[in-house]
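The end of the sequence shown is residue 189 by this note's numbering, with every number in the run present.
For every residue, glycine included, the Cβ atom is placed at its ideal position computed from N, Cα and C.
Keep in mind that this is a model prediction, so the values were computed, not measured.
Single-structure report; data block below.
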Amino acid sequence: MKILLTEEQIAEKVRSLGAQLSGDYRGKNPVLIGCLKGCVVFLADLMRQITIPHSIDFVRTSSYGKGRVSTGTVRSEMFDLNVRGRHAVIVEDIVDTGLTLGYLTDALTRQEPLSLKVCALLVKPEAYLAPVTIDYKGFDIPGDFVVGYGLDWGERYRDLPHVAVVDEQDA
Ligand code: 5GP
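The following block contains the structure:
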């Protein structure tokens, strides 16, 4: 396993994203929408770097099944989420094909939020298929499958403090 982003690099970026969001959403009481399960570590850190009142909510999406290759079909559970009349920010751990984000953006736009933006910690630019804008971006990374900082491989490795590239020996 090879470390791609260290704990310190991630912490620094999360601080800067938190500062940007705090400035842009002052007086707007935004709701951060985390995409389970990969977002939990990022969201927990990000919300503690946001210095203005805000709330959080969750959706659950999956397109990967148990493996490392996207199935191409996004499944989701919205629970009883309602962003009508709110300033909403989707918080994604990683954007690969962009299919999940495209799907979520459509679903949330139909609820008529006051505004809808996207904050993603990791973006794989080579695989970016859906025409979705990422308003707050952490890192561009190569197309390799990564784990750690909330991201799993078959439910393993979410607890790593850094982001790493896996290879077959890690299975
Ligand atoms: P997309 O719909 O953009 O292809 O995929 C988004 C979702 O796929 C992410 O929220 C994440 O759950 C999963 N995913 C995409 N790339 C990776 C990766 O490199 N590692 C892990 N662990 N999950 C990924």
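- Between Gly56 and Leu169, the gap from beta carbon to beta carbon is short of 9 Å.
- For Val181, the uninterrupted beta strand (DSSP E) run begins and ends at Val181 to Val183, by DSSP.
- In this structure the region 162-176 does not touch the region 66-73; the number of beta carbon pairs closer than 8 Å is below three.
- In this structure, Leu140 is the residue among Phe163, Asp153, Leu140 and Leu126 with its C-alpha nearest to the C-alpha of Ile28.
- According to the DSSP assignment, Arg33 belongs to the alpha helix (DSSP H) that extends over Glu25 to Asp42.
- Around Val164, the same chain offers Leu22, Ile112, Leu140, Val181, Ala182, Val183 and Val184 as residues with beta carbons nearer than 8 Å, after the five sequence neighbours per side are excluded.
- With a cutoff of 8 Å, Val109 does not count as near ligand 1, since its C-beta is closer than that to no heavy atom of the ligand.
- Contact check for Val150 against Val107 fails: the beta carbons are separated by 9 Å or more.
- Judged by their CB atoms, Tyr167 and Phe60 are nearer to each other than the 9 Å cut-off.
- The beta carbon of Arg102 sits closer than 8 Å to those of Gln129, Glu130 and Pro131, all from its chain and outside the five residues before and after it, given in chain order.
- For Val164, the three-state secondary structure derived from DSSP is strand.
- Taken from the Cβ of Thr79, at least one heavy atom of ligand 1 lies inside 8 Å.
- When secondary structure is reduced to three states using DSSP, Ala106 falls in the strand class.
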